[in-house]
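Structure first, commentary second.
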Amino acid sequence: MAAVLASCSPSRPAPGRAGRVMGGPAGTYLIPAGIHKIKHVIIVMQENRSFDSYFGTYPGADGIPMRNGVPTVCVPNPAGGCTRPYHDKADVNGGGPHGVPNAVADVAGGRMDGFIRQRDAAKTSCRIITDPACSGGGPPDVMGYHTAAEIPNYWKYARDFVLDDHMFEAVKSWSLPDHLYLVSGWSARCRTRLPMSCRNDIVGPYGVSQFGQAVQRQLATGQTSTDLAWTDITWLLHAHHVSWAYYVQTGIQPDCANDSALTCAAVRQNIRTPGIWNPLPLFGDVRHDHQLGNIKPLTAYLRAARTGKLPSVSWITPAGADSEHPPASVHLGQAHVTAVINAAMESPDWKSTAIFLSWDDWGGFYDHVVPPMADRNGYGLRVPAMVISPYARRGFIDHQTLSSDAYLKFIEDDFLGGARLDPRTDGRPDPRPDVRENQPLLGNLTADFNFSQAPRAPLLLPTNPPADSPSVPAIFTGEPACWGCTAPVPIGRRR
């Protein structure tokens, strides 16, 4: 394959051109030339599902160990005996706690058998009677898995495009650190507004109460004393004149500020709300670069797609009802994602687009694969992930070790000439423990593409969830109908 050479020499070429660049990995690094056919990267991040809970029975994937169709694994149940993974047809799930101690306990030194114990321990903090985790009887749903019967569109995307079956959380933690890693490759706590004041923190950061106070002050006054002072990817994008947008769906925040609990009071969100699902407003470099206007409502994404004006890099985050974060409906989340993907496929920009779809953390659900160790922060447990593009390989299962760091790596290689979020070279040094994109065990998403093939036609799927979907849980009362549920694909265009 033709390639572009990148190294650590002091010159930096314009994005998309061959040459030696600052911020490249140690030694030399080959960037596939075909990558520059991708001019629009869309990262769609959903919530709280493990790989096995969605694709544990997908043919050819590294799924739930089985013999003659029966799972061979059985996880200890404090109620007695053990529980095997089972087909869960329910549209609303309870899941389990998913903070740092829960990740460690679920993995259980590599035994991968702590899921039910953690779920049962978390029930004592339940305060809402409609919380699915509080219902008695039946097997714990952290051991449940869905199939094409419940998530047909997701399985269809996997069959027609690429399924990544070794995508791990970047960090063994919950939504806030995961989203911080998504945009910056690190999670930290900062003493001042200076990048070098930041210190590694994958639990908070800043602690639950302090971060919540920062969110509330931002909501009330438009200002905050909390500064995420380390460097995020928008610093490099802005410096290279690469357009970006972070699209936020209005509604209920899709996660709790304290993920050791399974439930919390609903918190409204909008494009001005810095929260666990949308941390960019709190990054100092975003404000200093006057880039806050790039954080937009989801309707702006639809408009940009329709008019062929998608930015080079897009992130899309849901509201609670469409997030798939328990107790959100699986069907509604799938409908939301399908609408997002359909909009990209119907866009004039489709032939130069790559969609990376994933889930931020495992949500307490069972997975059988022991996470590899990248550094002291991760990786976390395995999550579903897909690559959808006119240049994506057809029906391919990628077994490389991946995390959301691979999305940063792809963006940097495609638009920044291989420049990295590297304190030695990015012009805004911080004390991050490593350059995650350069981890030797991290795979390369370019393996999921065939840049020599003719661009593939769109695969438009119906967005309306099945007619037997249950009503939206009470926690989401007042939210608008799921985005996309009212916009089915025209007859004759469905596949």
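Using the numbering used here, you'd call the opening residue of the sequence shown number 1 and step up by one each time.
Note that CB positions come from ideal geometry on N, CA and C, so glycine has one too.
To the nearest angstrom, how far is it from the Cα of A419 to the Cα of I341? It is roughly 29 angstroms from the alpha-carbon of A419 to the alpha-carbon of I341.
For S225, does the count of other Cβ atoms within 10 angstroms reach 16, so buried, or fall short, so exposed? exposed
Using a 10 Å radius around the Cβ and a threshold of 16 neighbouring Cβ atoms, would you call L441 buried or exposed? exposed
Nearest CA to the CA of Q453: which residue from S404, D434 and P390? P390
Let me know the secondary structure DSSP gives N438 once reduced to three states. helix
Buried or exposed (CB count within 10 angstroms, at least 16 for buried), V104: exposed
Going by the DSSP bridge assignment, what does K296 pair with across the sheet? Y247
Bounding residues of the alpha helix (DSSP H) (the contiguous stretch that carries D106): V100 to V107
Expressed to the nearest angstrom, what Euclidean distance is found between the alpha-carbon atoms of T234 and G427? 13 angstroms
When the distance is taken between beta carbons, is Q46 closer than 8 angstroms to V522? It is not possible to answer for residue 522, since the shown part of the chain is limited to 1 through 495.
As an exercise, report each continuous alpha helix (DSSP H) stretch of at least 4 residues that is fully enclosed by the stretch 47 to 108, in chain order. 51 to 55 and 100 to 107
Kindly list the residues whose CB is nearer than 7 angstroms to the CB of M66, restricted to its own chain and excluding five residues on each side of it in sequence; keep chain order. T72
Comparing alpha-carbon positions, which option in V435, F415 and D414 lies nearest D422? V435
From Y58 to R159, what distance separates their C-alpha atoms? 9 angstroms
Contact under 8 angstroms by Cβ, G443 with E169: No, they are not a contact pair.
Going by other Cβ atoms of all chains shown within 10 Å of its Cβ, with 16 needed for buried, is T83 buried or exposed? buried
Enclosing beta strand (DSSP E) for R199 [first to last residue]: Per DSSP, R199 belongs to the beta strand (DSSP E) from C198 to N200.
Compute the Euclidean distance between the alpha carbons of F115 and H179, then round it to the nearest angstrom. 23 angstroms
Quick check on DSSP: helix, strand or coil for V340? helix
Below 7 angstroms CB to CB, which residues in the same chain sit around G137 once its five sequence neighbours on both sides are set aside? With a pLDDT of only 34 at G137, under the threshold of 50, the placement of this residue in the model should not be trusted; the figure read from the coordinates follows. Residues of the same chain with a CB within less than 7 angstroms of the CB of G137, apart from the 5 flanking positions on each side, do not exist.
Taking all protein chains shown into account, decide if P166 is buried (16 or more other Cβ within 10 angstroms of its Cβ) or exposed. This sequence places His at residue 166; Pro is not what is there. Classification for H166: buried.
Limits of the unbroken beta strand (DSSP E) element including P177: Counting along the chain, P177 falls outside any beta strand (DSSP E), though it belongs to the alpha helix (DSSP H) covering S175 to S184.
Residues sharing a beta bridge with G144, DSSP: In the DSSP output, where bridge partners are listed per residue, G144 has Y86.
Please state whether DSSP places R117 in a helix, a strand or coil. helix
For the candidate residues Y145, A319, P371 and L298, whose alpha-carbon lies nearest to that of A108? P371
Range covered by the alpha helix (DSSP H) that runs through W277: Looking at the DSSP string, W277 is not in any alpha helix (DSSP H), and its letter there is neither H nor E.
Please state whether DSSP places L421 in a helix, a strand or coil. In the three-state DSSP reduction, L421 falls in the coil class, being neither helix nor strand.
Are the beta-carbon atoms belonging to D232 and V183 less than 8 angstroms from one another? Here D232 is near V183, since their CB atoms are less than 8 angstroms apart.
So, with DSSP's three-state summary, where would you put A385? DSSP, reduced to helix, strand and coil, places A385 within a strand of the structure shown.
How should K89 be labelled, buried or exposed, when 16 other C-beta atoms within 10 angstroms of its C-beta is the threshold for buried? Result: exposed.
Among R287, T401, V242 and D289, which one has its Cα closest to the Cα of V41? V242
What span of residues does the beta strand (DSSP E) with V171 cover, start to end? Segment: none, V171 is in no beta strand (DSSP E) and carries neither H nor E.
Under 8 angstroms between C-beta atoms of D113 and P140: no
Go to P32, then tell me how far its beta strand (DSSP E) extends in each direction, as first and last residue. Y29 to P32
Where the alpha helix (DSSP H) containing A158 begins and where it ends: P152 to D160
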